[in-house]
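Student: In our numbering, each residue carries its 1-based index in the sequence shown increased by 25. Backbone N, C-alpha and C define an ideal beta-carbon position, used for all residues, glycine too. As the structure is a prediction and not an experimental result, all values here were calculated from the model. Handing you this structure, nothing more for now.
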Amino acid sequence: MANGQWFPAEWPERIQALAEGRLTPVEPRRAATVMLLKDTGTDTGPAVHMLRRRASMAFAGGAYAYPGGGVDPRDDDHHVRWAGPTRAWWANRLGVDETSAQAIVCAAVRETYEEAGVLLAGPTPDSVVGDTTGADWETDRTALVARDLSFAEFLDRRGLVLRSDLLGAWARWITPEFESRRYDTWFFVAVLPEGQRTRNASTEADRTVWITPGEAAASYDKGELTMMPPTIATLRGLIPYGSAAEALSSAPERDLTPVLARARLEGGEVVLSWPGHEEFTKRIPTGGTPA
C-alpha cells in the first residue's frame with residue numbers, strides 16, 4: 026500500500042456484484058462528524074483532534090477519524106434549545122429540510138460530547154460551558170451514549186442551549202453504494218472552546234491525538250496513518266489555514282455537494298473513483314486486489 030488509504034478486502038466482490046445488478050444498495054443513514062481545531066502557537070497552523078478506531082471495529086478498524094456518528098432519531102426533537110443561525114438557515118446550508126438540519130447539527134454537537142468530552146453549548150446564546158470533566162457530567166455523557174437520555178433532555182436538565190454558531194459545515198460525503206454500512210455524513214469544523222479539553226471518551230477508539238493537518242497528511246502519504254478517503258480529503262482542505270478561527274470563518278464558502286464514489290467494470294478491472302478526488306482512484310483486477 027503506497028499510502029494509508031483504508032480499503033476493505035470485500036470491496037472488489039461487492040463492487041462487481043453492484044455493477045452486475047446482484048447487489049441492492051443499502052439506504053445511507055444520516056451522520057455528522059466534527060473536526061475540532063485548536064491553535065498551536067506556531068506557524069504550522071492549527072491542530073485537529075483525531076481518534077484511532079479500535080482494530081476490532083467492523084468498519085474501518087485501525088483507521089484515524091474524527092469524533093462523530095449517526096443521527097439519533099430524537100435529534101429531530103423540536104424542543105431542542107437552540108442558539109446561532111436558525112434552523113431554516115441550516116436547512117439551506119446543508120441542503121435538507123429544517124427538521125433534518127436540526128437533527129444533523131444536534132448529532133454533530135452530541136457526538137462530539139459523547140466521544141471527545143467537548144460540549145458546544147452554553148447557559149446563554151453568547152456563552153459556552155467550561156470544564157465538563159466532573160462526575161456529574163460523566164453520568165450524563167454515559168446516559169447519552171446509552172441513549173437513556175436524549176440530547177434535548179440533556180440540554181433542558183442543564184439549562185443549556187446548543188451553540189450552532191460554533192459549527193461550520195465543511196463537506197458532505199456519502200458512503201459508496203456497495204458498502205454494507207452506509208452513511209450520509211456532514212463534516213463540520215469547530216474551535217475547541219476555552220476551558221474545555223478533549224479526552225478519549227469513545228469506546229470505539231484506542232487512541233486520540235492532536236496533530237496538524239499537514240503532519241497527518243504526510244504520515245498518510247507515507248502509509249503510517251490509515252484513513253478513509255473523506256478523512257484525508259478534509260484534512261488536506263485544512264492545511265492552508267493559519268489558525269482555527271480562520272478555518273471556521275471560511276466554512277460558509279465551502280462546497281457541500283455530496284461526494285459519492287463510483288464503480289464501473291472496465292476491461293476485466295473494477296475502477297473505483299471519487300469525483301473530484303483523483304488521488305483515491307483504484308483499479309482492481311476482477312477477483313484481485315487494489316492497485
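Which residues does DSSP pair with W299 in a beta bridge?
Tutor: H302
Student: Within its chain, find whatever has a CB closer than 6 Å to the CB of V96; leave out the 5 residues flanking it on each side and keep chain order.
Tutor: R55, A128, A132
Student: Is it buried or exposed for T69, if we count other Cβ within 10 angstroms and need 16 for buried?
Tutor: exposed
Student: Label M26 either buried or exposed according to how many other C-beta atoms from any shown protein chain fall within 10 Å of its C-beta, with 16 as the threshold for buried.
Tutor: Residue confidence is low: M26 scores 43 on pLDDT, short of 50, so the model does not pin down where it sits. Its coordinate-derived value is still stated next. It counts as exposed.
Student: Terminal residues of the continuous beta strand (DSSP E) containing A171?
Tutor: No beta strand (DSSP E) contains A171, which DSSP labels as neither H nor E.
Student: For L273 and Q221, which I take to be in contact (beta-carbon distance under 8 Å), what is that distance rounded to the nearest angstrom?
Tutor: Rounded, the Cβ-Cβ distance is 16 Å, inconsistent with contact.
Student: Kindly indicate which three-state DSSP category F212 falls into: helix, strand or coil?
Tutor: strand
Student: Just to confirm the assignment, what range does the beta strand (DSSP E) spanning E178 have?
Tutor: Careful: E178 lies outside any beta strand (DSSP E), inside the alpha helix (DSSP H) at 176-183.
Student: Kindly indicate the opening and closing residues of the alpha helix (DSSP H) around T259.
Tutor: 254-263
Student: Can you find the residues in the same chain that come closer than 6 Å, C-beta to C-beta, to R118, ignoring five residues on each side of it along the sequence?
Tutor: A194, listed in sequence order.
Student: Assign W326 to buried or exposed, taking buried as 16 or more other Cβ atoms, counted over all protein chains shown, within 10 Å of its Cβ.
Tutor: Any answer about residue 326 is impossible in this case: the structure gives the chain only from 26 up to 316.
Student: Grab me the residues of P201's own chain with a C-beta within less than 6 Å of its C-beta, minus the 5 sequence neighbours each way, in chain order.
Tutor: A286
Student: Work out the CA separation of E35 and R279 for me, nearest whole Å.
Tutor: 33 Å
Student: Grouping DSSP H, G and I as helix and E and B as strand, with all else coil, what is A286?
Tutor: coil
Student: Looking at the unbroken alpha helix (DSSP H) that takes in L273, where does it start and where does it end?
Tutor: Element bounds for L273: 269-275.
Student: Secondary structure at L119, three-state DSSP: helix, strand or coil?
Tutor: helix
Student: Going by the CB atoms, is the gap between A57 and W211 shorter than 7 Å?
Tutor: yes
Student: Is it buried or exposed for G93, if we count other Cβ within 10 angstroms and need 16 for buried?
Tutor: Buried: at least 16 other Cβ atoms inside 10 Å.
Student: Shortest alpha-carbon distance to G320 belongs to which of I309, L290, P53, L297?
Tutor: Nothing about residue 320 can be reported from this structure: the residues present for the chain run from 26 to 316 only.
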